[in-house]
Amino acid sequence: MEKIKMTTPLVEMDGDEMTRIIWKMIKDELILPYVELKTEYYDLGLENRERTKDQVTIDSAEATKKYGVAVKCATITPNAERVKEYNLSQMWKSPNGTIRAILDGTVFRTPIVVKGITPYIPTWTKPITIARHAYGDVYKNTEMTVADGSRAELVVTDKDGRETRQLIHEFKGSDGIIQGLHNIDKSIGSFARACFNFALDKKQDLWFATKDTISKKYDHRFKDIFNEIFENEYKDKFAQAGITYFYTLIDDAVARVIRSEGGYIWACKNYDGDVMSDMVATAFGSLAMMTSVLVSPDGVYEFEAAHGTVQRHYYKYLKGETTSTNSVATLFAWTGALRKRGQLDDLPLLSDFADKLEQATVSTIEDGIMTGDLAALSTLENKTKVDTETFLKEINKRLSAMMS
Ligand code: NAP
Ligand code: MG
257 MEKIKMTTPL
267 VEMDGDEMTR
277 IIWKMIKDEL
287 ILPYVELKTE
297 YYDLGLENRE
307 RTKDQVTIDS
317 AEATKKYGVA
327 VKCATITPNA
337 ERVKEYNLSQ
347 MWKSPNGTIR
357 AILDGTVFRT
367 PIVVKGITPY
377 IPTWTKPITI
387 ARHAYGDVYK
397 NTEMTVADGS
407 RAELVVTDKD
417 GRETRQLIHE
427 FKGSDGIIQG
437 LHNIDKSIGS
447 FARACFNFAL
457 DKKQDLWFAT
467 KDTISKKYDH
477 RFKDIFNEIF
487 ENEYKDKFAQ
497 AGITYFYTLI
507 DDAVARVIRS
517 EGGYIWACKN
527 YDGDVMSDMV
537 ATAFGSLAMM
547 TSVLVSPDGV
557 YEFEAAHGTV
567 QRHYYKYLKG
577 ETTSTNSVAT
587 LFAWTGALRK
597 RGQLDDLPLL
607 SDFADKLEQA
617 TVSTIEDGIM
627 TGDLAALSTL
637 ENKTKVDTET
647 FLKEINKRLS
657 AMMS
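Per our numbering, residue 257 is the first one in the sequence shown, and the count goes up by one each step.
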């Protein structure tokens, strides 16, 4: 069989620990036999980040801007322990944070739904994708404790030195607390465009919610910016695609999400996204079945798994013990990136290969062959727990039948 050709390289960002092991297995077992893979390789493993003083992370993000599509392996975000373990000269920043800042992107997280793994909300038969606005609000706050008898005000000084003041609270009879939050129109606009574009790409409805009835200036601004951009730039495209933009209050949205069957994109303000993405991920079953894609407002895509480097499994692997690590989310990062490359470069064979690899993966699990994390959840009667490598070999059995 002739291998599928690529024209533009994918930006390949390698990573750490167990996911780095899985990364190579996926390529060797499931991609290289079928695709003449073209990548521009960046080693974001912690040792190379140390060696390059983290320049490699910046370079990989710049390459992503240039080529338009990247696939990323999970990476260690160093903490004090890791500084010792890897003898680091600095506590390097989270690569995901660095890449997101350079691409100005929004993260979309989508669960992979398979038969036998029933969500805790049984009506959720289709995935719910959460988009989190990753700028400002409580994550960039200023806060103070305030002594009884104090008067707290909000003061804004404009560029000509004129002050506008508003009373927050007169503290009488008790100490208290205050907090200052901000956001910027530019970031909210980028977030809105990323969400509208992603909805068009997926041909799924977009939901957005805030508390604009209570927060008449702050949350209302989010609502207005989304609405303005939708009316001016996306209304017709949404109508053509047969999808809708739906705005409601956050509490109403939560109630509707629980009653829904899934199958839409839910755009969330920063804090809502933080909380709701954990709820949705847990309800769908397993973090190892959650994919993640960073989309920039100008349409650059970086695909990855939502989970980390699975450190505990890696130490078992290093000791020569058998592991049963779930490779599905990492595999879907590869298929997402290959499919996107296929769409952009007009290579239907490449996109078709990505679809088949995903189908082969889902069939393997639905046939009852799965890693330990899923075996613990699956309601299938006949199921077999397999090790990391056997799982990939089982996928390849099905894939090779589909490809010939
Ligand atoms: P983690 O790697 O997501 O793993 C947490 C636990 O979840 C694992 O110990 C495992 O449970 C289970 N799990 C996660 N993925 C799995 C998979 N594919 N297959 C089977 N089980 C899976 O999170 P962590 O242990 O908190 O973090 C480890 C490292 O990853 C940290 O250095 C962190 O900085 C990094 N991290 C990176 C990213 C990223 O690059 N996007 C995201 C998060 C964390 P059991 O041990 O019970 O089997
Ligand atoms: Mg959270």
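C-beta: ideal position from N, C-alpha, C; glycine also.
These figures come from a predicted structure and were not determined experimentally.
1) Alpha carbon to alpha carbon, how far is His476 from Asn483? Give it in angstroms, no decimals.
2) Can you look up Ile521 in the DSSP assignment and give me helix, strand or coil?
3) What does the Cβ neighbour count give for Arg388, buried or exposed, with the cut at 16 atoms within 10 Å?
4) Across which residues does DSSP place Leu344 in a beta bridge pair?
5) Is it the case that the Cβ atoms of Ala330 and Thr547 are separated by a distance below 8 Å?
6) Say the cut is 7 Å; is the CB of Arg568 nearer than that to a heavy atom of the ligand NAP?
7) Who are the Cβ neighbours of Tyr323 in its own chain at under 8 Å, not counting the five residues just before and after it?
8) Between the C-alpha atoms of Lys382 and Asn652, what's the straight-line distance to the nearest angstrom?
9) Where do the N-terminal and C-terminal ends of the alpha helix (DSSP H) with Phe447 fall, by residue?
10) Quick one: is the Cβ of Asp629 within less than 7 Å of any heavy atom of the ligand NAP?
11) Return the residue from the list Gly372, Gln460, Trp348, Leu437 that minimises the CA-CA distance to Phe201.
12) Which runs of the alpha helix (DSSP H) fall wholly inside the region 583 to 652 and span at least 4 residues, in chain order?
13) Just to confirm my understanding: we take Glu212, look at its own chain, exclude 5 residues before and 5 after, and list those with CB closer than 8 Å. What are they?
14) Inspect the beta-carbon positions of Leu543 and Leu286 and report whether they are closer than 8 Å.
15) CB-CB under 6 Å to Met347, same chain, minus the five flanking residues each way: which ones, in chain order?
16) So Asp272 and Leu293 are supposed to be a Cβ contact under 8 Å. How far apart are they, rounded?
17) Per DSSP, what kind of secondary structure is Glu419 in: helix, strand or coil?
18) Specify whether the region 439 to 456 and the region 385 to 399 touch according to this definition: at least 3 beta carbon pairs, one from each stretch, less than 8 Å apart.
19) Could you check whether the Cβ of His563 sits closer than 7 Å to any heavy atom belonging to the ligand NAP?
20) Alpha carbons only, please: which of Arg597, Lys309, Ile384 is nearest the one belonging to Ala509?
21) Excluding five sequence neighbours on each side, which residues of the same chain lie with their C-beta closer than 7 Å to the C-beta of Ile424?
22) For Met400, tell me which candidate among Asp416, Asp643, Asp431, Arg597 has the shortest Cα-Cα distance.
23) If you check the beta carbons only, do Val327 and Ala589 fall under 8 Å apart?
24) Taking its Cβ as the centre, do 16 or more other Cβ atoms sit within 10 Å of Leu288, making it buried, or is it exposed?
25) Could you give the first and the last residue of the continuous beta strand (DSSP E) run that contains Ile368?
26) Considering Met269, what are the terminal residues of the beta strand (DSSP E) in which it resides?
Judging by the given coordinates:
1) One-based indexing of the sequence shown puts residue 483 at position 227. One-based indexing of the sequence shown puts residue 476 at position 220. Roughly 10 Å between the two C-alpha positions.
2) Taking the sequence shown and counting its residues from 1, the one referred to as residue 521 is at position 265. Strand, per DSSP.
3) Within the sequence shown, residue 388 is the residue found at index 132, counting from 1. Label assigned to Arg388: buried.
4) What you label residue 344 is simply residue 88 of the sequence shown in a count that begins at 1. In the DSSP output, where bridge partners are listed per residue, Leu344 has none listed.
5) Residue mapping note: residue 330 aligns to position 74 of the sequence shown, counting from 1. Residue mapping note: residue 547 aligns to position 291 of the sequence shown, counting from 1. No, the pair does not count as a contact, with Cβ atoms beyond the cut-off.
6) On the sequence shown, position 312 is the one that residue 568 refers to. Under cutoff, so the answer is yes.
7) Along the sequence shown, read from residue 1 onward, the residue named residue 323 stands at position 67. Here the set comprises Thr264, Pro265, Leu266, Val267, Glu296.
8) For the purposes of this step, residue 382 is identified with residue 126 of the sequence shown, where counting begins at 1. For the purposes of this step, residue 652 is identified with residue 396 of the sequence shown, where counting begins at 1. Each residue's alpha carbon lies about 26 Å from the other.
9) By 1-based counting over the sequence shown, the position of residue 447 is 191. Segment 441 to 458, the alpha helix (DSSP H) holding Phe447.
10) Working through the sequence shown from its first residue, we reach residue 629 at position 373. Answer for Asp629: yes, Cβ within range of the ligand NAP.
11) Because the chain is modelled from 257 through 660, residue 201 falls outside the range shown and cannot be assessed.
12) 584 to 600, 604 to 622, 628 to 631
13) Past the boundaries of the shown model lies residue 212; the chain is included only from 257 to 660, so the question cannot be answered.
14) Start at 1 with the first residue of the sequence shown, and residue 543 comes out as number 287. Start at 1 with the first residue of the sequence shown, and residue 286 comes out as number 30. Result no, Cβ atoms of Leu543 and Leu286 do not sit closer than 8 Å.
15) Position 91 of the sequence shown holds residue 347. Only Pro334, Val339 meet the Cβ criterion.
16) Taking the first residue of the sequence shown as position 1, residue 272 is located at position 16. Taking the first residue of the sequence shown as position 1, residue 293 is located at position 37. Rounded, the Cβ-Cβ distance is 21 Å, inconsistent with contact.
17) One-based indexing of the sequence shown puts residue 419 at position 163. Three-state DSSP puts Glu419 in a strand.
18) yes
19) Residue mapping note: residue 563 aligns to position 307 of the sequence shown, counting from 1. It does: the Cβ of His563 is within 7 Å (strictly closer) of some heavy atom of the ligand NAP.
20) Reading the sequence shown from its first residue, position 253 is the one you call residue 509. Among Arg597, Lys309, Ile384, the Cα nearest to that of Ala509 is on Ile384.
21) Position 168 of the sequence shown, counted from the first residue, corresponds to residue 424. Excluding residues within five positions, the ones whose Cβ falls inside 7 Å are Ala408, Glu409, Leu410, Ile434.
22) Locating residue 400 in the sequence shown gives position 144, where the first residue counts as 1. It is Asp431 whose Cα lies nearest to the Cα of Met400.
23) Looking up residue 327 in the sequence shown gives position 71. Looking up residue 589 in the sequence shown gives position 333. Yes, these two residues count as a Cβ contact at 8 Å.
24) If you number the sequence shown from 1, residue 288 lands on position 32. Looking at its Cβ environment, which holds fewer than 16 other Cβ atoms inside 10 Å, Leu288 is exposed.
25) Residue mapping note: residue 368 aligns to position 112 of the sequence shown, counting from 1. Taken as a continuous stretch (DSSP letters only), Ile368 belongs to no beta strand (DSSP E), as it is neither H nor E.
26) By one-based count along the sequence shown, residue 269 stands at place 13. From DSSP, the beta strand (DSSP E) with Met269 extends over 266 to 270.
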